[in-house]
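Working notes, structure below.
Chains as they are written, first to last, in my numbering: chain A, 1 to 279; chain B, 1001 to 1314.
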């Protein structure tokens, strides 16, 4: 929309609204950061301020030395890493043929992926839980990796397909003429061009694995196998919760996610293409 | 599409020549999906007609089969649909979904329109407004839960500045439900905003120039140009938004843990408890099927309606 025509007053109002919204969306994160710095003797306060008096990193030290935080972190990192790897490789190949090729079952496949989104979580978790129990995969990272990469897959495939749709196919045609086979054309020509979408897909898979709670709670029953969400929820549920410690953990979990998110945010506007439902 | 080269006599090898690549590329995804989605899906149906629960779990794990004596036909379904609990929870789920999605979409589009102009700090605003999406959901929920604390929570203290009485957010059903909705609305806006922003950027500016020449007001422009052109972009996002909200386990479950447990559950949480807190596996499986069918019927009707409308426009 042409802007120079916005009057001064209108621009003022717009900035005003946006600033209020920004404060609202940033405040909780800042607040938890503030809480994590509180010294142990003043956890309960009614102040709305951010940085407490006598700020200290005590809670962080406590968290790392007195709780299994690092162990949970390691579990979460392992699960997230493999979920992203599996998710990206499956979604980039499947999305490609859904975007480019006509084959029997294409429409059905796309519709099926959309329908899987309607499954209530319990519908897959319960049978999978019973299965994992039978295969003795309870308290095993492998079980979680399989669950996460697959449940995120349908959306990732749609997302990749939507992006491939925006890349002209004349590029591959040229590559095929130059003697590359179909897979090389995909791998060497199209995939590099689709990197924004790959980044977004990777981000989604990462966020799924990094923040999933309900499945992890059921599958990981052994404290040393907890992922961060389960561990943290347990921590928050304790009767005498150490709020500063809990907040310190939140900050440490939040930071990598925030950092990843913000560093790829420039891809989000163009890279987020759910694609037309029509396909 | 490629032409079929050299008509082979063998139709099967022809078929492979034409589609082999596609299926080969799909195969890995297909295998995993078959294992983790399709197989459990059908397995869930079998469970739904059984009375498997914690006590019958041991022989089940040992033998790995659902003994025929476990099969109880439609009993689970009958029990669920005839209980008044189900209908209350169902109604609550609908209210929850409508309020949330409506707020997500309208705030999302509103901010997108505000942001979609040349102005100072545009990039900074956009980045900061995305923060709710970037923080893992469970942390956000636990933080908000702390902020809704009666005595020490930021929300009541903030309202206090305006002389508003403290509200017991986490101990009354109405308070808990409102708190959950506020949290979830806060969580979901950025996603809709980004989708809308992508849509706005693809609108051809000449439409607005033409409208300017015709002397259209800003509101008219939004109503007759922006919103109709956003529709194709927003529709899939809204479909997903409804499904995700309808099936949102985290927010209410965590918000009410230990204080309002059970009192403001939506359908999917009700099932989760039945399965993993009361260990009524068969019952929960049947309940899952019902939820799925509700969403499926809604989804198909909605998409049918949208495509009819699209045809009418053309």
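C-beta atoms are modelled at their ideal positions from N, C-alpha and C, and glycine is treated no differently.
Consider the Cβ of residue i: report whether some Cβ of chain B lies at a distance smaller than 8 Å.
i: residue 213/A; result: yes
i: residue 216/A; result: no
i: residue 237/A; result: yes
i: residue 221/A; result: no
i: residue 96/A; result: yes
i: residue 101/A; result: yes
i: residue 28/A; result: yes
i: residue 39/A; result: no
i: residue 8/A; result: no
i: residue 276/A; result: For residue 276/A, the predicted structure reports a pLDDT of 40, less than 50, and the residue's modelled location is therefore unreliable. The matter cannot be settled from this model.
i: residue 52/A; result: no
i: residue 225/A; result: no
i: residue 18/A; result: yes
i: residue 160/A; result: no
On a CA-only basis, which of the options is nearest residue i? Give me that one, please.
i: residue 1193/B; options: 1162/B, 1107/B, 1247/B, 1118/B; result: 1107/B
i: residue 243/A; options: 36/A, 30/A, 254/A; result: 36/A
i: residue 1051/B; options: 1306/B, 1291/B, 1297/B, 1278/B; result: 1278/B
i: residue 1158/B; options: 24/A, 98/A, 79/A, 15/A; result: 24/A
i: residue 251/A; options: 20/A, 57/A, 39/A, 10/A; result: 57/A
i: residue 117/A; options: 1261/B, 1238/B, 1258/B; result: 1238/B
i: residue 1170/B; options: 1071/B, 1253/B, 1089/B; result: 1253/B
i: residue 1187/B; options: 12/A, 54/A, 28/A, 13/A; result: 28/A
i: residue 1221/B; options: 1209/B, 1232/B, 1231/B; result: 1209/B
i: residue 1117/B; options: 1143/B, 1198/B, 1180/B, 1309/B; result: 1198/B
i: residue 168/A; options: 64/A, 100/A, 228/A; result: 100/A
i: residue 336/A; options: 87/A, 77/A, 33/A; result: Shown here, chain A extends from 1 to 279; a query on residue 336/A therefore has no answer.
According to DSSP, simplified to helix, strand and coil, what is residue i?
i: residue 1258/B; result: coil
i: residue 117/A; result: coil
i: residue 1071/B; result: strand
i: residue 279/A; result: No answer about residue 279/A holds up, because its pLDDT of 33 lies below 50 and its placement is not dependable.
i: residue 250/A; result: helix
i: residue 1050/B; result: strand
i: residue 1017/B; result: helix
i: residue 188/A; result: helix
i: residue 1156/B; result: helix
i: residue 218/A; result: helix
i: residue 1169/B; result: coil
i: residue 1001/B; result: Below a pLDDT of 50, predicted positions are generally treated as unreliable, and residue 1001/B, at 44, falls in that range; the measurement from the model is reported next regardless. If DSSP states are grouped into helix, strand and coil, residue 1001/B belongs with coil.
i: residue 200/A; result: helix
i: residue 1215/B; result: coil
i: residue 1184/B; result: helix
i: residue 1275/B; result: helix
i: residue 100/A; result: helix
i: residue 166/A; result: coil
Does residue i have its Cβ less than 8 Å from a Cβ in chain A?
i: residue 1021/B; result: yes
i: residue 1001/B; result: With a pLDDT of 44 at residue 1001/B, under the threshold of 50, the predicted position of this residue should be treated as unreliable, though the coordinate-derived value follows. It does: the Cβ of residue 1001/B has a partner Cβ on chain A nearer than 8 Å.
i: residue 1089/B; result: no
i: residue 1192/B; result: no
i: residue 1272/B; result: yes
i: residue 1100/B; result: no
i: residue 1111/B; result: yes
i: residue 1196/B; result: no
i: residue 1140/B; result: yes
i: residue 1260/B; result: no
i: residue 1043/B; result: yes
Let me check you understand the geometry: is the CB of residue i closer than 7 Å to at least one non-hydrogen atom of the ligand HEM?
i: residue 91/A; result: With respect to the ligand HEM, the structure offers nothing, as it holds no ligand at all.
>> Along the stretch 1219-1244 of chain B, where does the CB come closer than 9 Å to a CB of chain A? Name the residues.
In response: 1221, 1226, 1232, 1233, 1235, 1236, 1237, 1239, 1240, 1243, 1244
>> Which residues of the stretch 1124-1136 of chain B have a Cβ closer than 9 Å to any Cβ of chain A? Give them in chain order.
In response: 1124, 1125, 1126, 1127, 1128, 1129, 1130, 1131, 1132, 1133, 1134, 1135, 1136
>> Measuring CB atoms only, is the stretch 114-123 of chain A touching the stretch 1238-1255 of chain B, in the sense that at least three cross pairs come out at less than 8 Å?
In response: yes
> Is there contact here, the stretch 1147-1163 of chain B with the stretch 1090-1109 of chain B, by at least three beta-carbon pairs under 8 Å?
Replying inline: no
> Is there contact between the stretch 1033-1047 of chain B and the stretch 1260-1276 of chain B, where contact requires at least three CB pairs shorter than 8 Å?
Replying inline: no
> Is there contact between the stretch 1294-1303 of chain B and the stretch 132-151 of chain A, where contact requires at least three CB pairs shorter than 8 Å?
Replying inline: no
> Relative to chain B, which residues along the stretch 62-88 of chain A have a C-beta separation below 7 Å, given in chain order?
Replying inline: none
> On the three-pair Cβ rule with 8 Å, is the stretch 1076-1086 of chain B touching the stretch 1269-1289 of chain B?
Replying inline: yes
> Any residues in the stretch 111-130 of chain A with a beta carbon nearer than 9 Å to a beta carbon of chain B? Which ones, in chain order?
Replying inline: 112, 113, 114, 115, 116, 117, 118, 119, 120, 121, 122, 123, 124, 125, 126, 127, 128, 129, 130
> Closer than 8 Å, Cβ to any Cβ of chain B: which residues of the stretch 167-201 of chain A, in chain order?
Replying inline: 182, 183, 186
> For the stretch 1279-1305 of chain B, which residues have a CB atom closer than 8 Å to at least one CB atom of chain A, in sequence order?
Replying inline: 1281, 1284, 1285, 1287, 1288, 1289, 1291, 1292, 1295, 1296, 1299, 1303
> Per the contact definition of three or more C-beta pairs closer than 8 Å, is the stretch 61-79 of chain A in contact with the stretch 217-225 of chain A?
Replying inline: yes
> Between the stretch 83-101 of chain A and the stretch 155-163 of chain A, are three or more C-beta pairs nearer than 8 Å?
Replying inline: yes
>> Below 8 Å, how does it come out for the stretch 1014-1023 of chain B and the stretch 75-86 of chain A: are there three or more Cβ pairs, yes or no?
In response: no
> Using a beta-carbon distance cut-off of less than 7 Å, what residues from the stretch 1026-1039 of chain B approach chain A?
Replying inline: 1026, 1028, 1029, 1032, 1033, 1036, 1037
> Going along the stretch 133-147 of chain A in order, which residues come within less than 8 Å of chain B, judged by CB to CB distance?
Replying inline: 133, 134, 146, 147
>> For the pair the stretch 1160-1178 of chain B and the stretch 246-262 of chain A, tell me if three or more CB-CB distances fall below 8 Å.
In response: no
> Any contact of the stretch 130-138 of chain A with the stretch 174-190 of chain A, i.e. 3+ C-beta pairs under 8 Å?
Replying inline: no
>> Along the stretch 1046-1058 of chain B, where does the CB come closer than 7 Å to a CB of chain A? Name the residues.
In response: 1047
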